[in-house]
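Structure first, then comments.
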Amino acid sequence: MRSLVVDNVGKPLLKSLWLGRLPNGTQTILAALNENLGQLATVADKINDLTFPQGINSVAATSNHNTEPLEQQIAQQVSELTSFMNRSRSPARNLKHVHNRSEAQVPLNKLLTNCKKNDKRPVSWNEADIAFMQCKSSLGNAATLAYPTPDQ
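Laid out in structure tokens, this is it:
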């Protein structure tokens, strides 16, 4: 700090700035001393060495614990996750037992046959409701068959 200070800055200001940068405990001790800056710096170094001892971090070898149960558990979880991902990626393969999937939508198709874009014919809501419910039921059954619960 002395080398950075110009000649017109006094020692009391330099001491005050330097003390302000020290930890509070060190400031308290040094405030009671009437020494020059060199001696105060030496005392501050000693306080710092006693207060904050330098430690060396080391790495020790761990004891050989049996990790086999943990490895088996991880392998089982990976297997379950893999099978779940395979089921969710290819639902079409899981639907091969649902024959004639298009039959579920035949009632809706019949209802809309020969309809035009701006068709003004009255729609029999009874037939539409029945066709919709049949289609909804078929789709619900297909989803249940595609993604069975893990118990099945």
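So the sequence shown is numbered by the UniProt record's numbering: it starts at 1 and just counts up by one. Idealized CB from N, CA, C, for every residue including glycine.
Buried versus exposed call for residue i [16 or more other C-beta atoms within 10 Å across all chains shown]
i: Thr67; result: exposed
i: Leu81; result: exposed
i: Leu33; result: exposed
i: Ala44; result: buried
i: Leu40; result: buried
Sequence-distant residues of the same chain with beta carbon closer than 7 Å to residue i, five excluded per side
i: Ile47; result: Thr26 and Ile29
i: Met133; result: none
Three-way DSSP call (helix, strand, coil) for residue i in this model
i: Val59; result: coil
i: Phe52; result: coil
i: Asn94; result: The predicted model places Asn94 with a pLDDT of 48, which falls under 50 and marks its position as unreliable; any figure quoted below should be read in that light. The answer is helix: DSSP assigns Asn94 an H, G or I state.
i: Leu22; result: coil
i: Leu33; result: coil
i: Thr42; result: helix
i: residue 213; result: What is shown of the chain runs 1 to 152, which leaves residue 213 out entirely.
i: Asn66; result: coil
i: Gly10; result: coil
i: Thr82; result: helix
i: Thr113; result: coil
Neighbourhood of residue i by C-beta distance below 6 Å, restricted to the same chain and skipping five residues each side
i: Lys11; result: none
Neighbourhood of residue i by C-beta distance below 8 Å, restricted to the same chain and skipping five residues each side
i: Thr51; result: Pro23, Gly25 and Thr26
i: Glu35; result: Val43
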